[in-house]
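Take 4 as the starting number for the sequence shown in my numbering and just add one per residue.
Glycine included, every Cβ here is placed at the ideal spot set by N, Cα and C.
No experiment lies behind these values; they were computed from the predicted model shown.
Remarks on the structure that follows.
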Amino acid sequence: MRIALGVTLALLVAGCGRPQATGRIFKDDVAFLQKHGGVVVLSDPSGLAQVAVVPALQGRVMTSTAEGPEGMSFGWINRDLLASGKTLEHFNPYGGEERMWLGPEGGQFSIYFAKGAPFDLAHWVVPPAIDTEPFALLGREPSSAFLHRRFQVTNYSGTKFEVDIRRRVRVLPAAEAWNLLGVAPAPGVRMVTYESANKITNAGKEPWRKDSGLLSIWILGMFNPSPETTVVIPIKAGPDSELGPPVKDDYFGKVPADRLVVKNNVAYFSADGQCRSKIGVSPKRVKPILGSYDAVNRVLTLVQFTRPAGAADYVNSAWEIQKNPYAGDVANSYNDGPPAPGKKPMGPFYELESSSPAAALEPGRSLEHIHRTIHLRGEEKDLDAVARKTLGVGLQEITTALPRK
Numbered sequence: 004m005r006i007a008l009g010v011t012l013a014l015l016v017a018g019c020g021r022p023q024a025t026g027r028i029f030k031d032d033v034a035f036l037q038k039h040g041g042v043v044v045l046s047d048p049s050g051l052a053q054v055a056v057v058p059a060l061q062g063r064v065m066t067s068t069a070e071g072p073e074g075m076s077f078g079w080i081n082r083d084l085l086a087s088g089k090t091l092e093h094f095n096p097y098g099g100e101e102r103m104w105l106g107p108e109g110g111q112f113s114i115y116f117a118k119g120a121p122f123d124l125a126h127w128v129v130p131p132a133i134d135t136e137p138f139a140l141l142g143r144e145p146s147s148a149f150l151h152r153r154f155q156v157t158n159y160s161g162t163k164f165e166v167d168i169r170r171r172v173r174v175l176p177a178a179e180a181w182n183l184l185g186v187a188p189a190p191g192v193r194m195v196t197y198e199s200a201n202k203i204t205n206a207g208k209e210p211w212r213k214d215s216g217l218l219s220i221w222i223l224g225m226f227n228p229s230p231e232t233t234v235v236i237p238i239k240a241g242p243d244s245e246l247g248p249p250v251k252d253d254y255f256g257k258v259p260a261d262r263l264v265v266k267n268n269v270a271y272f273s274a275d276g277q278c279r280s281k282i283g284v285s286p287k288r289v290k291p292i293l294g295s296y297d298a299v300n301r302v303l304t305l306v307q308f309t310r311p312a313g314a315a316d317y318v319n320s321a322w323e324i325q326k327n328p329y330a331g332d333v334a335n336s337y338n339d340g341p342p343a344p345g346k347k348p349m350g351p352f353y354e355l356e357s358s359s360p361a362a363a364l365e366p367g368r369s370l371e372h373i374h375r376t377i378h379l380r381g382e383e384k385d386l387d388a389v390a391r392k393t394l395g396v397g398l399q400e401i402t403t404a405l406p407r408k
């Protein structure tokens, strides 16, 4: 069943409103997912770090926990949409704290707009292969799931792509995760760490070239917002004249000053689910890490991703015919919110995102992008040490960077 265009668009227009925070237990989310599409639960050797993967929803990680089945569930899940059995016309925000999309979203090489269509919400459509259609589960192990999808997609300029996707989701043992963070293990901290290795292959007979459009791997994670949650993005230092602005802050209109603060080479962005807004960091400014801190639940979330040395071409997702279609961002964060006063948001949720470079691939060649998500829950003093080592700032700086309403 398709829902009317007006309903879909009402979910997607910028706006601000009141917060809606939710919290669930992991086993309850797993039971719900089992009824609505099935779920594969992966775990580390301890059995406490668990991850719920749904192959029918493009192999996305719907949620995870660091404390076993009775523990806190970290992902945002759109229970109402999943339970309804309905299919929205433009985009189905099922939720999930890690999903795979492809870029670019906008511009002359977009795969979200048909050839010649206006760049507006009425004509924006997420390709079904990365929105509603299933990935095949090729196999699984206690800590890993292997998924596959092959499909064709056409960009705004009329270029056809034969795309083969291989995706592996793996839960990492705690010792490996601490090593990747470069931090000494904190015994009092509960941790779940998983990564997706996402590979796209040119399965067609023609090369993918810049002048006719390229694709990229785009990984997005949806998490539960709250007024006490702040996104933290370290930024490379340097003059704007050489590196460009610290962040792009005008995706949906300029982000209000009380929702985005950049100081001492760190961006602090509100993740309260009250105002639809988005920021991005360019290749010259990005570091291969971003994160968030939920001060109420004492949850530090970190995202690491592959950033190939020297890579400069990242697809541009601006909704316009672009002068430079390869001047896009590497890392992004999105804060959901009501489309207008009195209207419901898509979630609400907030997102942490990363992208691969543009994939200029000959037939049979591949590009891989790894995106790693780490949730740590514990005492503030332990989490503070991790935040300082990985993000360059402590919890006091994070929790006081933005004005609290």
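Residue i - containing alpha helix (DSSP H), residue span
| i | result |
| --- | --- |
| I401 | L398 to T403 |
| E100 | Unbroken run through E100: none, as it is neither H nor E. |
| K266 | First-last for K266: L263 to K266, but that is the beta strand (DSSP E), not the alpha helix (DSSP H). |
| W181 | A177 to L184 |
| F2 | Only positions 4 to 408 of the chain appear in the structure, and residue 2 is not among them; the question remains open. |
| A388 | E383 to T393 |
| L246 | D243 to L246 |
| L1 | For residue 1 there is no data in the structure shown, the boundaries of the chain being 4 and 408. |
| S87 | R82 to S87 |
Residue span of the beta strand (DSSP E) that contains residue i, given as start and end
| i | result |
| --- | --- |
| E356 | Y353 to S358 |
| L150 | S147 to T157 |
| T204 | R193 to N205 |
| A281 | Per the sequence shown, residue 281 should be read as Lys rather than Ala. Start and end: S280 to V284. |
| S295 | I292 to D297 |
| L45 | V43 to S46 |
| S219 | S219 to F226 |
| N335 | A334 to N338 |
Beta-carbon contacts of residue i that lie in its chain and below 8 Å, excluding the five residues immediately before and after
| i | result |
| --- | --- |
| V250 | I236, I238, L263, V265, A270, I282, G283, V284 and R288 |
| T402 | E231, T233, Y296 and A298 |
Bridge-paired residues (DSSP) for residue i
| i | result |
| --- | --- |
| P237 | V269 |
| E371 | K202 |
| E144 | S147 |
| V56 | V43 and V64 |
| R171 | F149 and A200 |
| H93 | DSSP output for H93 lists no bridge partner at all. |
| Y115 | BP columns for Y115 are empty, so no partner. |
| M75 | I28 |
| L379 | M194 and L303 |
| G106 | S219 |
Close Cβ partners of residue i (< 6 Å) along its chain, the five nearest in sequence each way excluded
| i | result |
| --- | --- |
| P328 | G110, F112 and N319 |
| I373 | E198, A200 and T309 |
| F410 | Residue 410 lies beyond the range of the chain shown here (4 to 408); nothing can be said about it. |
Local Cβ density within 10 Å of residue i, reported as buried at 16 or more and exposed below that
| i | result |
| --- | --- |
| A34 | exposed |
| Q155 | exposed |
| L394 | buried |
| T409 | Lying before the first or after the last residue shown, residue 409 is absent from the chain, which here runs from 4 to 408. |
| S359 | buried |
| R310 | buried |
| E356 | buried |
| S295 | buried |
| L141 | exposed |
| Q325 | buried |
| A55 | buried |
| N338 | buried |
| P259 | exposed |
Spatial distance of residue i from residue j (CA atoms)
| i | j | result |
| --- | --- | --- |
| V306 | S336 | 11 Å |
| V166 | L223 | 19 Å |
| P341 | G397 | 31 Å |
| V43 | K290 | 32 Å |
| A315 | E382 | 40 Å |
| R170 | K384 | 36 Å |
| L405 | P130 | 36 Å |
| K257 | E209 | 40 Å |
| A24 | P228 | With a pLDDT of 36 at A24, under the threshold of 50, the modelled position of that residue is not reliable, and no figure is offered here. |
Residues near residue i by beta carbon distance below 7 Å, same chain, minus five either side
| i | result |
| --- | --- |
| F122 | G109, F116, W322 and E323 |
| Q37 | none |
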